[in-house]
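Taking this note's numbering, I'd label the letters of the sequence shown as residues 1 to 471.
Below: the structure, in structure tokens.
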Amino acid sequence: MINRRTFLSASAAGIGLAVAAPRRLLAEDGAASFDLIAGPATAPLLGSEGPASALWAYGGISPGPVIRGRQGDLIKVRLHNNLPQPTSTHWHGIRIDNAMDGVSGLTQDAVPPGGFFDYAFVAPDAGTYWYHSHNKSWEQMARGLYGPLIIEERNPPPVDREMVLVIDDWRLGEDGQIHTASFGQMRDWSHGGRLGNWLTINGVSTPDLKVKRGERLRLRLINCANSRILNLKLGQLAPLLIALDGQPLAQPEEIGTSAVLTLAPAQRADLLLDVTLEPGEEAPLTEVSRKDGIVVGNFVSEGISASGQAGRELPVLPSNRLPEPHLSDPLKLDLVMEGGAMGGMRSAVFEGKSLSMRDLVARGQVWAFNGVAGMTENPLARIQAGRSVVLNIVNETAWPHAMHIHGHHFRAVARNGQPVDDGAWRDTELIGPDEAVTVAFVADNPGKWLIHCHMLEHQAAGMKTWFQVAG
Ligand code: C2O
Ligand code: CU
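Laid out in structure tokens, this is it:
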């Protein structure tokens, strides 16, 4: 497998590909419809010198094409399945009709090879979202099946340009191919998930991100990794954080030169960057989970923008007006996460039977919510539409988890029992070992909605459940 040294030498050798913006699929007004073909593809993940990597991709590229619409638009996508496996496509973070949520086995049947499925939904919220496979996602996403879903504000804040930066963490073999022999490896599933050895932005390792002094950019960062938590440092770029998981912050926050922006799998961040780099100067985007850090990409200044927006008055991103939960008499639910390596879980219920840890391992189930591994006949809760819900998520495992609730954004209202004021709206929350996070939301969207860890191996190995909202 490619090790860190290879990774570093690749960037030191200055493969230096410029990152291309993901291809854009639509910009039209009103109803936009198009075809999204999931199928085998190849991509130069190792750069132009290396062998091409065989992937599974949407539209022949990974990340898949940017699906772009405006707030309130009807978006229609016909998914064609040219893969050798059934698939479905989930629209992550966007609050849409349950029948369009793309969860195979819950909201639709998986689309068989050769088949198609018509998705159509109104995009209620502006922001940075994404789409990805939701059938055997631990394999299909590791092979490249994801892409950005960008919903523009009706009056977008003035910027000179935007950059969609899709970050992935691939596990490649020495031959530059997806390491398929380790799919389903229990050591990944019971530990931190499938961690890769090759970081890319928009499919390019250590790209040059070309900018000009004086430009104001909107960066849309998306973590599409199976399980890698990204701890990103932007150093001297010192951008402003303006939105998380698609939802604008009430107050933008400056990311200081030594601050770290954490993006758990599935999380997004919108940044406003006023470029102050002089022509010829560079500034790295670094992943700092390891002590010495890994450069993920380099912002390279290539000139001066005479008419750039940098330094102008800061724009305000309009709120998407999510329903505010009432905390006076909510439905209270608990979700206790257990299992995994070093977790001490002895048994859990799987498919209606109580099984010992050893029997669970034999079935690939090593994590549980409230003592139950995997999906159940009955939901965690049936909730009347419009009800406020307070969900207390307790992590009793030795691992962090990226908890995602489908169809709803939520706010943290307490962390380890301490009240949180004004928690940001999120659809995916990172919860550390021995941490408890209480989140609140209004269950306002009828249908069947998943709650799962977005570390895809954890999800596959038991960390998922669902709730039903009755209309
Ligand atoms: Cu982004 Cu159920 O997933
Ligand atoms: Cu997890």
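Every residue gets a Cβ at the ideal spot worked out from N, C-alpha and C, and that includes glycine.
If you're wondering where the values come from, they're calculated on a predicted model, not measured in any experiment.
Tell me the DSSP bridge mates of residue 337?
Bridge partners of residue 337: 369 and 395.
Taking 7 Å as the threshold (C-beta atoms), are residue 213 and residue 317 in contact?
No.
Where residue 346 and residue 95 are concerned, what is the direct C-alpha to C-alpha distance, given to the nearest angstrom?
Approximately 37 Å, taken between the alpha carbons.
How do the segment 66 to 86 and the segment 133 to 149 stand: do at least 3 beta-carbon pairs fall below 8 Å, yes or no?
By the C-beta criterion, the segment 66 to 86 is judged to be in contact with the segment 133 to 149, since at least 3 inter-stretch pairs fall below 8 Å.
In whole angstroms, what separates the C-alpha of residue 45 from that of residue 100?
Distance between the alpha carbons of residue 45 and residue 100: 32 Å.
Among 342, 354 and 380, the one whose alpha carbon lies nearest that of residue 336:
Relative to the Cα of residue 336, the nearest Cα in the group 342, 354 and 380 belongs to 380.
In the segment 415 to 461, which residue ranges form an unbroken beta strand (DSSP E) of at least 3 residues, counting only runs that do not cross its ends?
Fully enclosed beta strand (DSSP E) runs of no fewer than 3 residues occupy 428 to 431, 436 to 443 and 447 to 453 of the segment 415 to 461, in order along the chain.
With H, G and I counted as helix, E and B as strand and the rest as coil, what does DSSP make of residue 303?
Three-state DSSP puts residue 303 in a strand.
Mind checking who residue 401 pairs with in its DSSP beta bridge?
DSSP lists 431 as partners of residue 401.
Three-state secondary structure (DSSP) of residue 190:
Residue 190: helix per DSSP, three-state reduction.
In chain order, each beta strand (DSSP E) run of at least 3 residues that lies wholly inside the segment 146 to 228
Fully enclosed beta strand (DSSP E) runs of 3 or longer: 146 to 152, 161 to 170, 198 to 201, 208 to 213 and 216 to 223.
Nearest by alpha-carbon distance to residue 438: which of 299, 430 and 445 is it?
Measuring C-alpha to C-alpha distances from residue 438 to each of 299, 430 and 445 identifies 430 as the nearest.
Apart from the five residues just before and just after residue 237, which ones in its own chain have a Cβ nearer than 7 Å to its Cβ?
Listed in chain order, the non-local C-beta contacts of residue 237 below 7 Å within the same chain comprise 273, 283 and 299, local neighbours out to five positions each way being set aside.
Can you determine whether any heavy atom of ligand 1 sits closer than 6 Å to the C-beta of residue 263, and answer yes or no?
Answer for residue 263: no, Cβ out of range of ligand 1.
Along the chain, where does the alpha helix (DSSP H) containing residue 137 start, and where does it finish?
Per DSSP, residue 137 belongs to the alpha helix (DSSP H) from 137 to 140.
Whether residue 261 touches residue 223 by CB criterion (7 Å)
Cβ atoms of residue 261 and residue 223: not closer than 7 Å.
Would you be able to state if there are at least three C-beta pairs under 8 Å between the segment 314 to 328 and the segment 165 to 179?
The segment 165 to 179 makes no contact with the segment 314 to 328, as fewer than three CB pairs between them are under 8 Å.
Any idea if residue 27 is buried or exposed, counting beta-carbon neighbours within 10 angstroms, 16 or more meaning buried?
In this prediction, residue 27 scores a pLDDT of 43, lower than 50, which makes its location untrustworthy; no coordinate-derived value is stated.
Which residues mark the beginning and the end of the beta strand (DSSP E) in which residue 122 is found?
Run containing residue 122: 116 to 122, per the beta strand (DSSP E) assignment.
Evaluate residue 180 with the Cβ neighbour count: other Cβ atoms within 10 Å of its Cβ, from every protein chain shown; 16 or more gives buried, anything less gives exposed.
Burial call: exposed.
In chain order, which beta strand (DSSP E) runs of at least 3 residues are fully inside the segment 22 to 101?
Listed in chain order, the complete beta strand (DSSP E) runs (minimum 3 residues) inside the segment 22 to 101 are 32 to 43, 53 to 58, 67 to 70, 74 to 81 and 89 to 92.
Helix or strand or just coil, what does DSSP make of residue 236?
Of the three classes helix, strand and coil, the one that applies to residue 236 here is helix, per DSSP.
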